[in-house]
Structure formats: C-alpha cells, structure tokens
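Enquirer: In this note's numbering, the protein residues as written are 482 to 778. We put the beta carbon where it would ideally sit given N, CA and C, even for glycine.
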Amino acid sequence: MNNVSKFGLSVMSSLMIGSASANIIPDFMVNESALPGVGLNASGDSRVFEADRMTGGYTERFLVTSFDAATNTGTFATVAYFSIGQFFCCDNSTTPTPGPFGLNRAEDDRGYGLFGTFSATGTFSTVGSTTNFTGGTATFNLFADLDQDTQLSFINPLDPLLGLAALNLANSDANPVDDALLATSSTLIAGAGQVRPLAINLGDYAILFGNIGLDAPPEGLTALGQAYFFDPSPFYMIARASGQLNTFFIPSAESPLNEFSGSLDIIFAAVPEPGMLALFGFGLVGVGFSTRRRKLQ
Numbered sequence: 482m483n484n485v486s487k488f489g490l491s492v493m494s495s496l497m498i499g500s501a502s503a504n505i506i507p508d509f510m511v512n513e514s515a516l517p518g519v520g521l522n523a524s525g526d527s528r529v530f531e532a533d534r535m536t537g538g539y540t541e542r543f544l545v546t547s548f549d550a551a552t553n554t555g556t557f558a559t560v561a562y563f564s565i566g567q568f569f570c571c572d573n574s575t576t577p578t579p580g581p582f583g584l585n586r587a588e589d590d591r592g593y594g595l596f597g598t599f600s601a602t603g604t605f606s607t608v609g610s611t612t613n614f615t616g617g618t619a620t621f622n623l624f625a626d627l628d629q630d631t632q633l634s635f636i637n638p639l640d641p642l643l644g645l646a647a648l649n650l651a652n653s654d655a656n657p658v659d660d661a662l663l664a665t666s667s668t669l670i671a672g673a674g675q676v677r678p679l680a681i682n683l684g685d686y687a688i689l690f691g692n693i694g695l696d697a698p699p700e701g702l703t704a705l706g707q708a709y710f711f712d713p714s715p716f717y718m719i720a721r722a723s724g725q726l727n728t729f730f731i732p733s734a735e736s737p738l739n740e741f742s743g744s745l746d747i748i749f750a751a752v753p754e755p756g757m758l759a760l761f762g763f764g765l766v767g768v769g770f771s772t773r774r775r776k777l778q
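1. With H, G and I counted as helix, E and B as strand and the rest as coil, what does DSSP make of residue 515?
2. What distance in whole Å lies between the Cβ atoms of residue 620 and residue 660, which are believed to be in contact at a cut-off of 8 Å?
3. With 16 other CB atoms within 10 Å as the buried threshold, where does residue 752 fall?
4. DSSP beta-bridge partners for residue 618?
5. What does the alpha-carbon distance come out to for the pair residue 686 and residue 673?
6. Quick one: grab the DSSP three-state call for residue 633.
7. Taking the alpha-carbon positions, what's the residue 676 to residue 605 distance?
8. In or out: residue 551 buried (at least 16 other Cβ within 10 Å) or exposed?
9. Report the option in 562, 641, 515 whose CA atom is closest to the CA atom of residue 627.
10. My output table needs one value for residue 609: the three-state DSSP class, helix, strand or coil.
11. Can you tell me whether residue 739 is buried or exposed? The criterion is at least 16 other CB atoms within 10 Å of its CB, across all chains shown.
12. Starting from residue 691, trace the alpha helix (DSSP H) both ways and give me its first and last residue.
13. Since residue 644 is in the beta strand (DSSP E), which residue starts that stretch and which ends it?
14. Please state if the CB of residue 688 and the CB of residue 666 are separated by a distance shorter than 8 Å.
What follows is the structure in structure tokens.
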C-alpha cells in the first residue's frame, strides 16, 4: 500500500483561516462564570470576554480500511481527542482582554479545561507524493473539564473503527461526572485534508460542522453551552476546525494504522460562503468566513 496519507482531525476540531485570507473572523462572547465551580473572579466580576477563535492540539489515530493499488484510492476511519490551550481575539492578533480568567488555571483558582473528541470516515486518493482526503461522516464533541483531571488516551484494540468508543476519558479523582458537554455535532458539511510528505508544510485539514447553533438535542449547544457561549444568541450554526500535522508516517498494507499529532483552530460562522460548498481540490483549507463583527460593549 503506497503513499497512503490522511484526512485531518479531528476535531475537532475546532478551524483556521488561511494566513493570506483578508476575511474578518466572526467574534463571540464567553462567560466562564456559567461553568459550575468556576464562578466570579477575585474581584467579584463575571469572567466574561470576547474572542474569535480557540486554539490547541490534538492526537489522532488513522486507519486505512480499504485500498485499491491500481487507482491509489481507498477509505479510512479516524478518531482523535484534542485540548484547547487558549482563546484569541480579534482576528487572531491578541489574547482576549480581559481574560480568559479561568481556562487552564490552577484548580484552586477555580480554573477549568476545555477538550474535545472527534471521529470520522471518508475516502482518499494519491497522485504522486500528494494524498487528498475527503470526509464522509464525522462526529464532534466539546467538553468543559471542571476539575482539570480528565486523562485522554486510546484504548486497545487500536482500532479507529470503534469510533469514539476507541477513546478513554478517565478522571483522576473520585468524581466521574465533572466533564460537562458544551456542544456536539454529527452534521458534516464538508471535510478535506492533504498530506505532502516531500513538502516543508507536511499537511493541512479543514472540517465544517453544522447545527452548532441548535438548542435542542441531539445536536448543537447544550443548556450549559448556551450559557458559556452566550453571544450571539442564537449562536453561529457552523463550526470550522482546521490546522496542521506535526507528524505523520505513510501506512502500508502490513501496517495500516497511524497515530500522530498536530495543531488546530476552531472558529464559528453563521452560514458558509457559497465557495466553501464547492470544495474543489483542497480549497477548503484557505477559505474563510465573512460575517458581521460583534464587539464587547
């Protein structure tokens, strides 16, 4: 099996505008005080700030599920987990001001964590040294880790065909319910990835999830998610997760499983631009969203 590569995260995630894009990234408002146990800051103020993206890193398992050597095409299944390191505002220029007050702070400072899970299936094709990936199905979840004690890992057997069941989310203390679901989506609008083993930029991916702004299960923001991402209301309907690969090796017929890591961004938008749904080649990665900006009053 030659030159098999990957469709990226997962989710994830979470969504990056290409550096050459001039589009303005939509802003959103976060209220960390909505999370149980986080509460107000030391001055008694709500932990509220404006942002336009979340950034972090992910670990992913990718499995080739079929391969046609005559056409260099195949199918894959992948599963991943990611953690959010920080917020940015605005148009990716600075960290939010004020805040964020609680993300990844020490627990005794009423800090919390953000993490997510992702699984997907799709197809791939290789031409020369470049492999392109197209998503077919995908599921995305975003959680608040209220005690910052969740350890994410893969379980055995090492099989992404298990989907999210291939992930182990273990709490390090006696409280098994301190991870609060904020958002979920199984609506894949589009997903694309590309790996270029001979290039300096090893690979990129971008995934569009829909129904994020819904306020009823089984998709959208939970009640806690609506309180955390409180503006705009109703929230944006699209989540875009994108980023890069830090590592990747080409699977073979004897070793079809690949585990690797990378970076991700997550942004939101009301509706995708028309060109985003065309998705010719790998155009998805560089396409941005354009919408009305929201400013902290």
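Expert: In brief:
1. Counting from 1 along the sequence shown, the entry for residue 515 is found at position 34. In the structure shown, residue 515 sits in a helix (DSSP, three-state: H, G or I).
2. Within the sequence shown, the letter at position 179 stands for residue 660. Within the sequence shown, the letter at position 139 stands for residue 620. Their Cβ separation, rounded to whole angstroms, is 16 Å, which puts residue 660 and residue 620 out of contact at 8 Å.
3. To locate residue 752, count along the sequence shown from 1; it is residue 271. Residue 752 is exposed by the Cβ-count criterion.
4. The sequence position of residue 618 within the sequence shown is 137, counting from 1. Answer is 602.
5. What you label residue 686 is simply residue 205 of the sequence shown in a count that begins at 1. What you label residue 673 is simply residue 192 of the sequence shown in a count that begins at 1. Taking the straight line joining both Cα atoms gives about 6 Å.
6. One-based indexing of the sequence shown puts residue 633 at position 152. In the structure shown, residue 633 sits in a strand (DSSP, three-state: E or B).
7. Taking the sequence shown and counting its residues from 1, one reaches residue 676 at position 195. Taking the sequence shown and counting its residues from 1, one reaches residue 605 at position 124. If I take the Cα positions, the gap works out to 11 Å.
8. As a working mapping, residue 551 is identified with position 70 in the sequence shown. Flag for residue 551 reads exposed.
9. Numbered from its first residue, the sequence shown carries residue 627 at position 146. Minimum Cα distance to residue 627 is reached at 515.
10. The residue given as residue 609 occupies position 128 in the sequence shown. Residue 609 falls in the coil class under three-state DSSP.
11. Here residue 739 corresponds to residue number 258 of the sequence shown, with the count starting at 1. Per the 10 Å Cβ criterion, buried.
12. In the sequence shown, the residue the question calls residue 691 occupies position 210. No alpha helix (DSSP H) contains residue 691, which is instead part of the beta strand (DSSP E) from 684-691.
13. The residue you call residue 644 lines up with position 163 of the sequence shown. Counting along the chain, residue 644 falls outside any beta strand (DSSP E), and DSSP gives it neither H nor E.
14. By one-based count along the sequence shown, residue 666 stands at place 185. By one-based count along the sequence shown, residue 688 stands at place 207. Contact: no.
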